[in-house]
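Numbering (the working numbering), first residue to last: 10 to 353. A short write-up of the structure that comes next.
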């Protein structure tokens, strides 16, 4: 049918299938690829993964509804399940890996891709899926004794939970490698949070593990301020525990600073409140790791998403200004907000 290096037509076919919500066509495609000699890892990483990335891009550009995005993701997940779990010529590997998403992280497909690549390469894998509370993960480690934990997080708002999970796993002497967009393009937040390793993608993680397991970093204290002394100023704690009141205050202030809000229908106001909650939660994440760029990148992305939905940049700038006015006693928060407004 095709060579592993020339899969454009197959990606287009899978894209059309998920867009039309035609699961049978999608599954027939991946099975046909395998039947024609394309290995399962190539199908995973060169066909399914790029199509899933496009799903997210199309939603952000307002060319795909939330319902379409969910349906497409479900079909891609079924396509992953339809692939063989082992390579015809498995690579030498030994060891057991637990793959899980950080508590609160619902984007499970990246972790699923990693789990399947590791299985193809001969590893024994426990895939625990999305949104796994830390205490359940730790109970699993005690019961199943993996050699390493691979944690996935796509949203930076999950970094505080990731830190707690990393520390708890290391306390059981199990090393932790992490991956996903939440940890930064260069893995900077993985280092900040003390992970034992970081991988850019599934093949990178598999290659890292093939070189030998990292040693778990044991610490005298599980307290986050051991690695993040800036948390002593309590700005993260205050912002993260007052999200609802900050959203309400910003919504009220927007009516004065951005009068069109007064004319919003109920559903528009609800979506605006959701956007404001995301902004406050990403601000809290940026405060946790003390990184202006984390928040700035999110605001730049949000600006593009809102522009695709015909929301002018003035609305976002006004929201940031109103939020900053509520945080007069928070110098780090004001610095982060000012930097993002200047960038916009």
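Backbone N, C-alpha and C fix where the C-beta goes; we use that ideal spot for every residue, glycine too. Since the structure is predicted, the reported quantities are computational estimates derived from the model, not experimental observations.
For residue 127, there is no enclosing beta strand (DSSP E); the residue is found in the alpha helix (DSSP H) stretching over 118-129. A straight-line Cα-Cα distance of about 46 Å links residue 284 and residue 46. Excluding residues up to 5 positions away in sequence, 166, 252 lie with their Cβ nearer than 7 Å to the Cβ of residue 290 in the same chain. Looking from the CA of residue 159, the closest CA among 152, 294, 204, 200 belongs to 204.
Put simply, of 242, 88, 261, 317 the residue whose alpha carbon is nearest the alpha carbon of residue 296 is 242.
Judged by DSSP in its simplified three-state form, residue 39 adopts helix.
Taking residue 139 as the centre and dropping the five residues before and after it, the same chain places the C-beta of 110, 114, 115, 116, 117, 120 closer than 8 Å to its C-beta, in chain order. Residue 182 counts as exposed, since fewer than 16 other C-beta atoms from the protein chains shown sit within 10 angstroms of its C-beta.
Shown here for residue 326: same chain residues with a beta carbon closer than 8 Å to its own, the five before and five after excluded, namely 350, 353 in chain order. Non-local beta-carbon contacts of residue 336 in its own chain, meaning distances under 7 Å to residues more than five positions away in sequence, involve 342, 343 in chain order. For the beta strand (DSSP E) assignment, the uninterrupted runs of no fewer than 3 residues enclosed by the stretch 153-220 are, from N- to C-terminal side, 157-161, 185-188. With respect to the 8 Å criterion, residue 215 and residue 130 are classified as neighbours on the basis of their beta carbons. Here the C-alpha atom of residue 76 lies approximately 12 Å from the C-alpha atom of residue 27.
Boundaries of the beta strand (DSSP E) harbouring residue 107: 105-110, taken from the DSSP string. Rounded to whole angstroms, the separation of the alpha carbons of residue 299 and residue 239 is 7 Å. Following the DSSP letters along the chain, one finds residue 276 in no beta strand (DSSP E) but inside the alpha helix (DSSP H) bounded by residues 275-298. Only residues of its own chain outside the window of five on either side were considered, and among them none has a CB closer than 7 Å to the CB of residue 152.
In the DSSP assignment, residue 338 falls outside any beta strand (DSSP E), carrying neither H nor E.
Counting C-beta pairs closer than 8 Å gives fewer than three between the stretch 265-280 and the stretch 160-180, which falls short of the contact rule. Under the three-state reduction of DSSP output, residue 133 falls in the strand class. Taking each of 275, 282, 149, 270 in turn and checking the Cα distance to residue 254, the smallest one comes out for 282. Apart from the 5 residues on each side of it in sequence, residue 53 sits with its Cβ closer than 7 Å to the Cβ of 89, 92, 122, 125, 126 in its chain, given in chain order.
Ranked by how close their Cα comes to the Cα of residue 133, the residues 270, 219, 78, 57 have 219 in first place. Put simply, the backbone Cα of residue 59 is about 44 Å away from that of residue 338. Residue state for residue 245 is assigned as helix, using DSSP reduced to three classes. The Cβ atoms of residue 317 and residue 154 do not sit closer than 8 Å to each other. About 6 Å separates the Cβ atoms of residue 20 and residue 56, confirming a contact at the 8 Å cut-off. If you ignore the 5 residues before and after residue 303, its C-beta comes within less than 8 Å of the C-beta of 165, 193, 198, 291, 294, 295, all in its own chain and listed in chain order.
Per DSSP, residue 259 is one residue of the alpha helix (DSSP H) stretching across 252-266. In this structure, residue 168 and residue 191 form a Cβ contact; the two beta carbons are roughly 6 Å apart against a cut-off of 8 Å.
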